[in-house]
Amino acid sequence: MPDSIEILGCRLDLLDAATATDRVLDFARTGAAAQVVTLGTEMVVLAQRDAAFRDVVNHAALSLCDTVGLLTVARRRGATLRERVTGVELVERLCARAAAEQVPVYFLGGAEGVAADAAAVLEARFPGLPIAGVRSGYFAQEDIADIVAEIRTSAAQLLFVGLGSPRQELWLAEHLRATGCGAGIGVGGSFDVISGRVRRAPAAWRRFGLEWLYRLIREPRRWQRQLALPYFVWLITIERFGLATKKGT
Ligand code: UDP
2 MPDSIEILGC
12 RLDLLDAATA
22 TDRVLDFART
32 GAAAQVVTLG
42 TEMVVLAQRD
52 AAFRDVVNHA
62 ALSLCDTVGL
72 LTVARRRGAT
82 LRERVTGVEL
92 VERLCARAAA
102 EQVPVYFLGG
112 AEGVAADAAA
122 VLEARFPGLP
132 IAGVRSGYFA
142 QEDIADIVAE
152 IRTSAAQLLF
162 VGLGSPRQEL
172 WLAEHLRATG
182 CGAGIGVGGS
192 FDVISGRVRR
202 APAAWRRFGL
212 EWLYRLIREP
222 RRWQRQLALP
232 YFVWLITIER
242 FGLATKKGT
């Protein structure tokens, strides 16, 4: 089995959470400005009509499997991935290691106070976690230069960006190098979950791949975004039967 596969034109690296954590920490330490994408089904759908976004995904240092939809397709193609790698899990694993190995982390994203609360929760769980800085994710375009400078001066090596997709992927593609961080990861709404503002679906729902339904019930305004899911199934089906036309770049 190869290390990665392509799903509807998007690269997916077949790494479990433990291996992904090792790789991200290596990037963080070596200062390579490596962008890590936690690839979701909705993102693959967006990539069908947005070539720039697709390029960002495909040029990332790592593209990890964040959703059950992608996991199912990967397994059907013979991948032995045991589980998906969610943003929350990656943040937790990375912070455990960052505390042990003294890698400074920066949290950017979420409503006012959310990143700070998430960082505090993680620091309590992983004593000694070097928190280089926190900053909310609602800012104007003209603030970006200051934010980048602030991250650079903080000497952070690992940057978590929770601005939602595709905003966080595009932000990292444009600014990660200037922050001086070795690795930057788009983590969606992970700070909301870690800070306790948003509850994750109960384990049983997650096990049966129903997190999307749980989120839909709790946040009905997401219904429009979730139309991406049946559309994804449709695209995979037509691709399988060779009916899809090759997208231009
Ligand atoms: N967010 C942000 N700035 C923005 C828009 C959104 O920091 O301009 C945050 C929002 O507060 C939330 C996260 O981005 O914490 C998006 O969460 P969501 O669960 O929607 O992530 P997705 O499913 O898009 O990855």
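Position 229 of the sequence shown, counting from 1, maps to 230 under our numbering, and the rest follow consecutively. Using N, Cα and C, we set each Cβ at its ideal position, and we do this for glycine too.
Using the beta-carbon count (16 or more within 10 Å), is residue i buried or exposed?
i, result
"residue 228", "exposed"
"residue 4", "exposed"
"residue 172", "buried"
"residue 251", "It is not possible to answer for residue 251, since the shown part of the chain is limited to 2 through 250."
"residue 167", "buried"
"residue 14", "buried"
"residue 119", "buried"
"residue 218", "exposed"
"residue 214", "exposed"
"residue 238", "exposed"
"residue 107", "buried"
"residue 249", "For residue 249, the predicted structure reports a pLDDT of 45, less than 50, and the residue's modelled location is therefore unreliable. The matter cannot be settled from this model."
"residue 60", "exposed"
Would you say the beta carbon of residue i is closer than 7 Å to some non-hydrogen atom of ligand 1?
i, result
"residue 114", "no"
"residue 139", "yes"
"residue 165", "yes"
"residue 192", "yes"
"residue 168", "yes"
"residue 185", "no"
"residue 197", "no"
"residue 189", "yes"
"residue 110", "yes"
Helix, strand or coil, according to DSSP, for residue i in the structure here?
i, result
"residue 199", "coil"
"residue 39", "strand"
"residue 159", "strand"
"residue 97", "helix"
"residue 210", "coil"
"residue 137", "coil"
"residue 121", "helix"
"residue 250", "Only weak support is given to the placement of residue 250: the predicted model assigns it a pLDDT of 41, under 50, and the value that follows is read from those uncertain coordinates. If DSSP states are grouped into helix, strand and coil, residue 250 belongs with coil."
"residue 228", "coil"
"residue 187", "strand"
"residue 106", "strand"
"residue 144", "helix"
"residue 51", "coil"
"residue 14", "strand"
"residue 130", "coil"
"residue 63", "strand"
"residue 113", "coil"
"residue 151", "helix"
"residue 7", "strand"
"residue 221", "helix"
"residue 236", "helix"
"residue 175", "helix"
Alpha carbons only, please: which of the options is nearest the one belonging to residue i?
i, options, result
"residue 1", "215, 26 and 157", "Not covered by the structure: residue 1. The range shown for the chain is 2 to 250."
"residue 188", "89, 98, 19 and 22", "89"
"residue 137", "153, 144, 152 and 115", "115"
"residue 23", "67, 61, 71 and 99", "99"
"residue 155", "240, 15, 76 and 179", "179"
"residue 121", "197, 41 and 8", "197"
"residue 251", "240, 190, 6 and 55", "The chain is shown from 2 up to 250; residue 251 falls before or after that span and cannot be answered."
"residue 109", "135, 237, 97 and 101", "135"
"residue 117", "202, 211, 192 and 235", "192"
"residue 45", "102, 183, 8 and 94", "8"
"residue 93", "124, 76 and 28", "124"
"residue 210", "142, 241, 49 and 84", "84"
"residue 128", "142, 101 and 153", "101"
"residue 95", "141, 19, 50 and 53", "19"
"residue 69", "51, 230 and 241", "230"
"residue 199", "235, 145, 86 and 216", "216"
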